[in-house]
Every structure is written in C-alpha cells, then in structure tokens.
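See below for the structure under consideration.
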Amino acid sequence: MKKLIIANWKMNMTSVDVVPFLEEIFPSVEASNADIVIAPSFPLLSVVRGQLEKPLMLGAQDVSAFSKGAYTGDVAAEQLVDMRVKFAIVGHSERRAQHNETNALCNEKMLRALEAGITPVYCIGESAEEKKNGETLAVVKKQLKEGLKNIDTSKVIVAYEPVWAIGTGVTPTAEEIETTHAAIRKIVGAHARILYGGSANEKNAAEILHITNVDGLLVGSASLNSHKFASIIQTV
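Using the numbering used here, the first residue of the sequence shown is number 19, and each one after it goes up by one.
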C-alpha cells in the first residue's frame with residue numbers, strides 16, 4: 019500500500035499562511051509516491067479546500083460523535099464531507115488530556131465519520147508513566163479494543179503516537195516502534211494503515227518509514243514549516 023503522510027497543523031496557521039505553504043510543498047507532493055493529507059484547524063478548512071490541488075487531500079483534526087443537533091462547538095461528519103474532507107483525526111492525546119475524551123467517545127466519533135464516508139485516523143499511545151511501567155502494549159491494545167468496537171478495522175487508519183514523544187523531540191527506538199506496530203498489526207489486520215507520530219520530522223522520517231509495519235507518518239510541528247514538510251515528503 020502507498021505510504022500516507024498527514025500534516026496535523028493543530029491550532030496554528032492563519033489564512034495568509036496557507037497559499038505560500040501549499041505552493042512551496044506542491045512540487046514535492048507531485049513527485050511523491052505517497053498520499054499527502056493536510057489537516058488544518060476548522061476555520062481554515064475552506065481556505066485550504068479552495069487552494070487544494072490533486073493529489074493533496076483534506077483532513078480534519080476532529081469530528082463530532084453526533085450527527086446533528088444542539089451541540090454547540092461540534093462539527094458533524096456530514097458538514098466535513100461538505101468541505102471535501104476525506105480524513106478525520108480522532109482521539110489525539112491532546113484531546114484525550116484536555117477534553118477528557120475516552121476510548122468509548124472516540125468509538126462514537128469514528129462510527130459517525132465512517133457513516134459519512136470519512137476515514138478516521140485513530141490516535142493511540144502510552145504516557146511516560148505507562149512506558150516506565152512497561153505497560154505500552156497493554157495500553158494500546160486496550161485503546162484499540164475499546165475504540166474500534168463494532169468497526170471494520172480495514173476502514174480505519176491507526177496512528178501510534180506515544181504521548182511522551184509528542185512535541186518533545188524524543189522518539190522511541192526503531193525496535194520499540196517495530197514491536198508496538200507489530201502488536202497493532204495483529205489486531206487491525208493486514209489491510210489497515212498504521213502511522214507513526216510523535217516528534218516525526220525531516221531528520222528521522224526516512225528511518226521511521228523503513229520500519230516494518232510503518233505505513234506513514236502523522237506529523238505535528240514539522241508540518242508547519244513548508245521546507246521541513248517537503249523534505250519529509252521527499253523521503254517517500
């Protein structure tokens with residue numbers, strides 16, 4: 019399967035940043051054999067959509083667990099489809115920590131996304147304390163079991179992002195990534211893409227992408243710099 023690179027801009031960038039960024043990465047996108055997704059914050063979806071050229075695709079950073087109704091601040095999957103969104107990040111550790119999102123809530127969000135034809139990108143990963151206690155595999159298996167309940171795993175992308183690695187500049191060893199991705203593969207099967215995230219950047223992308231069962235990257239801070247992100251794309 020083709021590698022997948024997702025730029026998670028988080029709560030960064032403004033409308034004036036979008037055009038120059040996309041213009042600068044597009045030559046690398048055209049020359050790449052990978053699928054490339056840009057996931058801006060909600061206010062920028064329409065701006066990015068207006069500048070989007072194939073083969074770039076649009077992603078969202080979240081999706082509501084509800085289809086429609088009186089849910090102030092939520093954005094429904096059908097509304098994202100209207101914006102030409104193809105992917106939606108679900109369960110990122112920052113949302114789990116800051117918004118108390120549970121595996122069960124993530125499950126509902128993914129079900130709504132799939133009903134609308136959006137591919138969920140389900141984020142899982144252990145904390146520093148859980149890693150220290152040797153609980154990495156137990157944690158990710160629990161997140162997968164509860165989050166993917168009643169879901170066809172072949173229709174979901176899983177992103178392994180150890181919480182302690184996000185934004186820290188520290189990454190697991192290649193052996194640790196391979197071990198965790200192998201455990202994930204046993205659960206989700208051969209047809210699901212498994213991404214790595216957590217301080218993925220232009221310096222370590224090539225090495226990580228060559229690890230068995232790593233089908234792509236979920237890139238955070240390095241995706242905010244067009245030159246760094248283009249370099250990541252060029253490694254594929």
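All residues carry an ideal CB built from backbone N, CA and C; glycine is no exception.
If you drop the 5 nearest sequence neighbours on each side, which residues of the same chain put their C-beta closer than 8 Å to that of residue i?
i           : result
residue 149 : 180 and 182
Looking at the strands, I want to know which residues DSSP matches up with residue i.
i           : result
residue 92  : None, per the DSSP bridge assignment.
residue 235 : 23 and 214
residue 177 : 141 and 213
If residue i and residue j are in contact, beta carbons under 8 Å, what's the gap, nearest whole angstrom?
i           : j           : result
residue 47  : residue 22  : Not confirmed; about 13 Å, so no contact.
residue 111 : residue 141 : 6 Å
residue 274 : residue 63  : Residue 274 lies beyond the stretch modelled for the chain, which goes from 19 to 254, so this question has no answer here.
residue 246 : residue 219 : 6 Å
residue 94  : residue 136 : With 8 Å as the limit, residue 94 and residue 136 do not qualify as a contact, their Cβ atoms being about 10 Å apart.
residue 290 : residue 215 : The requested residue 290 does not occur in the structure, where the chain is confined to residues 19 to 254.
Taking its Cβ as the centre, do 16 or more other Cβ atoms sit within 10 Å of residue i, making it buried, or is it exposed?
i           : result
residue 255 : What the structure shows of the chain is the stretch from 19 to 254, and residue 255 is not part of that stretch, so it cannot be assessed.
residue 234 : buried
residue 19  : exposed
residue 147 : exposed
residue 119 : buried
residue 144 : buried
residue 53  : buried
residue 209 : exposed
residue 32  : exposed
Cutting at 6 Å between CB atoms, please list the residues of its own chain near residue i, excluding the five before and the five after it.
i           : result
residue 124 : 108, 109 and 165
residue 139 : 105, 107, 175 and 177
residue 157 : 144 and 148
Using a C-beta cutoff of 8 Å, does residue i count as contacting chain B?
i          : result
residue 41 : Among the chains in the structure shown there is no chain B, since it carries only a single protein chain.
Task: Any beta strand (DSSP E) of 3 or more consecutive residues that is wholly inside the stretch 198 to 230 - done: 212 to 215
TODO: Jot down the residue ranges of each uninterrupted alpha helix (DSSP H) in the stretch 40 to 107, minimum 4 residues, whole runs only, in chain order.
DONE: 63 to 69 and 95 to 100
Task: Contiguous beta strand (DSSP E) assignments of at least 3 residues, all confined to the stretch 135 to 174 - done: 137 to 142
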